[in-house]
Amino acid sequence: DAGVTQSPTHLIKTRGQQVTLRCSPKSGHDTVSWYQQALGQGPQFIFQYYEEEERQRGNFPDRFSGHQFPNYSSELNVNALLLGDSALYLCASSPLTSGRGADTQYFGPGTRLTVL
Amino acid sequence: QKEVEQNSGPLSVPEGAIASLNCTYSDRGSQSFFWYRQYSGKSPELIMFIYSNGDKEDGRFTAQLNKASQYVSLLIRDSQPSDSATYLCAVRGTGNQFYFGTGTSLTVIP
Numbered sequence: 005d006a007g008v009t010q011s012p013t014h015l016i017k018t019r020g021q022q023v024t025l026r027c028s029p030k031s032g033h034d035t036v037s038w039y040q041q042a043l044g045q046g047p048q049f050i051f052q053y054y055e056e057e058e059r060q061r062g063n064f065p066d067r068f069s070g071h072q073f074p075n076y077s078s079e080l081n082v083n084a085l086l087l088g089d090s091a092l093y094l095c096a097s098s099p100l101t102s103g104r105g106a107d108t109q110y111f112g113p114g115t116r117l118t119v120l
Numbered sequence: 003q004k005e006v007e008q009n010s011g012p013l014s015v016p017e018g019a020i021a022s023l024n025c026t027y028s029d030r031g032s033q034s035f036f037w038y039r040q041y042s043g044k045s046p047e048l049i050m051f052i053y054s055n056g057d058k059e060d061g062r063f064t065a066q067l068n069k070a071s072q073y074v075s076l077l078i079r080d081s082q083p084s085d086s087a088t089y090l091c092a093v094r095g096t097g098n099q100f101y102f103g104t105g106t107s108l109t110v111i112p
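Chain order of the listed sequences is G and D.
Just so you know, the working numbering puts 38 at position 34 of the first sequence, and the rest follows in order with no gaps.
Just so you know, the working numbering puts 101 at position 99 of the second sequence, and the rest follows in order with no gaps.
Following this line, the structure appears as structure tokens:
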């Protein structure tokens, strides 16, 4: 059973550039959430996708956008990169359909983004 | 006030002892509570989830929830050096968003 996968593993960009990160959810999961984790901090919720729509959004600017595809995979796009965007970007998937445990999230290995 | 608060530690316990990790949350309507373990440089790994008041045990781990006090804890019995990691408390709030604490760093000393 494949878990959550993310690509790329590491990425180095310069200020002002744009970046796209990718995520494939765990088998049987249809909901994908994205998080930003700065060094020494807990993950911060960016947004959640379900049925190809953004369902929830955290306190992140519009520079952060996403997409979910019919196969439930997802992309996170960040425009006009700032130095402060350097972080570990985590994708988490969950079934979120019904029942106990349906909101349990499983994380992928993350993408380490460095903005120079 | 942060939605989820944890003591950042570091917390050190000798091998074989009980490690106690604590977490408080601000959204009284929260219904789902999670503990994750995160090794340095790795992504969070789910340890346990709990929904009801009381204790939930899974092997050496026990999660405790007190909704009246808005308090969640994780006990690790017979702590092992491999338990050394950062432990993240997560809460699903009434708006369905997930909020994480900053984590408690645990070191188990052989």
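For each residue, glycine too, the CB sits at the ideal point set by N, CA and C.
Residue i vs residue j beta-carbon contact at 8 Å
i	j	result
G:G32	D:F102	no
G:L25	G:Y93	yes
G:Q60	D:Q33	no
G:D107	D:R94	yes
G:L15	G:L117	yes
D:I49	D:F63	yes
G:A91	G:Q41	yes
G:L120	G:T35	no
G:G70	G:E79	yes
Residues near residue i by beta carbon distance below 6 Å, same chain, minus five either side
i	result
D:T26	E7, Q72 and Y73
G:S28	T9 and S77
D:S75	N24 and Q66
D:A21	V15, I78, S81 and L108
For residue i: DSSP bridge partner residues
i	result
G:T9	G:S28
D:N24	D:S75
D:K44	Its beta-bridge partners do not exist; DSSP assigns none.
D:G56	D:L67
D:T109	D:S14
Other residues of its chain near residue i: CB distance less than 7 Å, five sequence neighbours each side excluded
i	result
D:P112	E17 and P83
D:Y41	A87
D:N9	N24 and T106
G:E20	Checking the sequence shown, residue 20 of chain G turns out to be Gly, not Glu. Result list for G:G20: A84 and L85, in chain order.
G:D89	V82, L117 and V119
G:R67	V82, N83 and A84
Proximal residues to residue i (C-beta, below 8 Å), its chain only, five neighbours per side dropped
i	result
G:A22	Correcting the residue identity first, residue 22 of chain G is Gln in this sequence and not Ala. Closer than 8 Å at Cβ, skipping near neighbours: N81, V82, N83, A84 and L85.
G:G7	K30, Y110 and G112
Start-end ranges of the beta strand (DSSP E) lying completely within the segment 66-105 of chain D, minimum 3 residues: Entirely contained in the segment 66-105 of chain D, the beta strand (DSSP E) runs reaching 3 residues are, in chain order, 73-78, 87-94 and 100-102.
Contained beta strand (DSSP E) runs [length at least 3] in the segment 32-104 of chain G, N- to C-terminal order: Whole beta strand (DSSP E) segments, 3+ residues: 35-41, 48-54, 57-61, 68-72, 78-82 and 91-98.
Residues, ordered as in the chain, of the segment 78-95 of chain D that lie near chain G by beta-carbon distance below 7 Å: Hits within the stretch, in order: L90 and R94.
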